[in-house]
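Just so you know, my numbering puts the end of the sequence shown at 269, numbered straight through with nothing missing.
Ideal Cβ positions, reconstructed from N, Cα and C, are used throughout, including at glycine.
Predicted, not measured: the structure shown is a model, and the values here were computed from it.
The structure under discussion appears below in the form of structure tokens.
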Amino acid sequence: MQSSAPSDPSRPGRVAESGRRGLLTERFARQLEHDIRSGEIAVGSKLPSERELAEQFGASRNVVREVLRRLEAQHLIEVEPGRGSFVREPSSGQARGYDALYRAGRPTVRQLIEARIPLEVETVRLATERATQEDIAVLRSARDAMESASDVVVKARADMEFHDAIAVASKNPVLRIMLSSISGMMFEMMLRSNSDPSIGEPGVPHHPEIFEAIEAGDVELACARMLEHLRLGLRTYGADLDLQVDVMARNHIETLLDPSREQPGRAR
């Protein structure tokens, strides 16, 4: 269970300085990605300079560079040395990706949880049956990274790595691709989950308990623990459950960066 001590950097409204850059990067990247995918920034358009983007978003030049590298890796922009960054024409094969397709349907947090339950329970069943010692070692490393993480962005990334490691251990590439296709929305949920004390509800299985069941080869227990782990959000997310995933994530990032913006009536 998460500590309730005031110094705990994972508590909402108490963002450690080391984690602030990560949250600023997420907020900035989400905004630019949204503007590009929605067409607000047209294909072929040149993005403002690093200095202009830093001023526009109130971020450092290092944060700007990190965001531009991410957008380039997603094939959303092309960086031309000496000329600047330009929005790319999506290839037919890329087709804006499944993430954009899902988001066009405006899925809610509840709907994402409903989709994850059958997908991840079956994935953990196969992983428990098929995991090699190498898979177990990767899972253990991901679990340890989650447990030792000190800020919400790092913790959320480690959380994603743990779930991906289960998919790898399932030895079913289709399941892993399916999980990967919703990984962007999962990450946004994990930003909230890993900074909300109510997620530390006593008696609820989390990653260490799921890992123990996989390591022991107990299929029934691993499935039961994954199911209970995923259902936790249905009890703790309150009004956020029926918000669009991206709206929930944007609101939560803003709340972490500025606690005075916390939404009235939000469940804890």
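- For Ser-86, the enclosing beta strand (DSSP E) stretches over residues 85-88.
- In this structure, DSSP gives Lys-47 an extended state, which the three-state scheme calls strand.
- Taking a cut-off of 8 Å for Cβ pairs, the stretch 246-259 and the stretch 166-178 do not touch, as fewer than three such pairs fall below it.
- By the Cβ rule, the stretch 177-197 counts as touching the stretch 105-119, because three or more pairs are nearer than 8 Å.
- Nearest neighbour of Val-65 by Cα position, chosen from Ala-128, Ala-223, Leu-25 and Arg-193, turns out to be Leu-25.
- Here DSSP, grouped into helix, strand and coil, assigns Thr-133 to coil.
- At the C-beta level, Thr-133 and Ala-223 stay beyond 8 Å of one another.
- In this model, Phe-212 and Tyr-238 are separated by some 24 Å (Cα to Cα).
- Non-local beta-carbon contacts of Ala-101 in its own chain, meaning distances under 8 Å to residues more than five positions away in sequence, involve Arg-38 in chain order.
- Going by DSSP, Glu-67 is part of the alpha helix (DSSP H) stretching over 62-74.
- In the DSSP assignment, Glu-81 falls within the unbroken beta strand (DSSP E) covering 78-81.
- It is roughly 11 Å from the alpha-carbon of Glu-73 to the alpha-carbon of Glu-81.
- Between the C-alpha atoms of Ser-196 and Ser-151 there is a straight-line separation of about 11 Å.
- The bridge partners DSSP lists for Gln-245 are Thr-109.
- Counting of Cβ neighbours within 10 angstroms places Ser-171 among the buried residues, the total reaching 16 or more.
- With fewer than 16 other beta carbons inside 10 angstroms of its own, Glu-41 counts as exposed.
- Residue state for Asn-252 is assigned as helix, using DSSP reduced to three classes.
- Per DSSP, the unbroken alpha helix (DSSP H) holding Ser-184 starts and ends at 184-194.
- Counted as a single uninterrupted DSSP element, the alpha helix (DSSP H) harbouring Gly-234 occupies residues 220-237.
- In this structure Val-68 does not touch Leu-77 by the C-beta definition: roughly 11 Å separates them, more than the 8 Å allowed.
- Taking Ile-183 as reference, the option from Ala-116, Ile-167 and Pro-198 with the minimal CA-CA separation is Ala-116.
- With fewer than 16 neighbouring CB atoms inside 10 Å of its own CB, Pro-49 falls in the exposed class.
- Short of 8 Å from the beta carbon of Leu-231, and not among the five residues preceding or following it, lie these beta carbons of its own chain, in chain order: Ile-114, Arg-117, Ile-118, Glu-121 and Val-122.
- DSSP places Glu-41 in the coil class of the three-state scheme, outside both helix and strand.
- By the Cβ neighbour-count rule, Glu-51 is buried, with 16 or more other Cβ atoms within 10 Å of its own.
- Straight across, the Cα-Cα distance linking Ala-30 with Gly-85 is about 17 Å.
- By the C-beta density criterion, Arg-144 is buried, having at least 16 other C-beta atoms within 10 angstroms.
- Under the three-state reduction of DSSP, Gly-23 is assigned to helix.
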